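Report on the structure given below.
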Amino acid sequence: MPIKRTFFLQQGKSIILIGMPGSGKTTLGRALAKKLSWAHVDTDFILQAWWGIDLETLRNKLGLKNFLQAEEETILSLKLNRCVISTGGSVIYSPKAMEYLKRLGHIVYLQASLKTLKERIALAPLRGLALKPGQTLEDLYKERTPLYEQYAQFRVHTEKSLTTCLDEILAWLN
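Each number in this note's numbering comes from the position in the sequence shown (counting from 1) with 47 added on.
What follows is the structure, given as structure tokens:
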């Protein structure tokens, strides 16, 4: 399917993907960037590269508060155009980072059911969830969902096929 070069795409704006861990931000981000012939940046990978350790170790080393601060600083350092940006799931805790991301582009919320997220997260146990002591994934889901919805300019349910998700985002852009 040829991609129409709309006013949005010509503006140099980026596409920012937000959502829970396991919602498909990295997978969909890579595929969308390839489809648009844009770069893909994953802020979790930037954090890992800067610190030289995986997210789980980084979160444990810094503690939750400092981890969230490091994530915010990573976002605020981005100077990108026409790029697909996959964010860390906890970025929505920083209004400053979210306002900055809005200026960079359009925010797409990738939604998935709690059941689906649990299944996907089980496949990558070193994901580095930003959980408070005693907090469960279900607690995190309930806490974050209203924040994702607050910042979303478009929503995609990622329990559909990758192709369907891509088509929905591209249709929205065009």
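Yeah, the Cβ is synthetic: ideal placement off N, Cα and C, and Gly gets one too.
It should be emphasised that the depicted structure is a prediction, and the values quoted were computed from it without experimental measurement.
- Residue 86 sits in a strand when the DSSP states are folded into three classes.
- Measuring C-alpha to C-alpha distances from residue 202 to each of 157, 125, 108 identifies 157 as the nearest.
- In this structure, the alpha-carbon of residue 135 lies about 14 Å from that of residue 194.
- Note that the C-beta distance between residue 199 and residue 168 is not below 7 Å.
- Between the stretch 105-120 and the stretch 207-221, the count of C-beta pairs closer than 8 Å stays below three; the two stretches do not touch.
- Residue burial is scored here from C-beta neighbours: residue 121 has at least 16 other C-beta atoms within 10 angstroms and is therefore classed as buried.
- Out of 82, 113, 125, the CA that lies nearest to the CA of residue 89 is found in 125.
- In the DSSP assignment, residue 132 falls outside any alpha helix (DSSP H) and lies within the beta strand (DSSP E) extending over 130-133.
- Residue 63 places its beta carbon less than 7 Å from that of residue 132.
- Contact between residue 213 and residue 79 holds: their C-beta atoms lie close to 6 Å from each other, under 8 Å.
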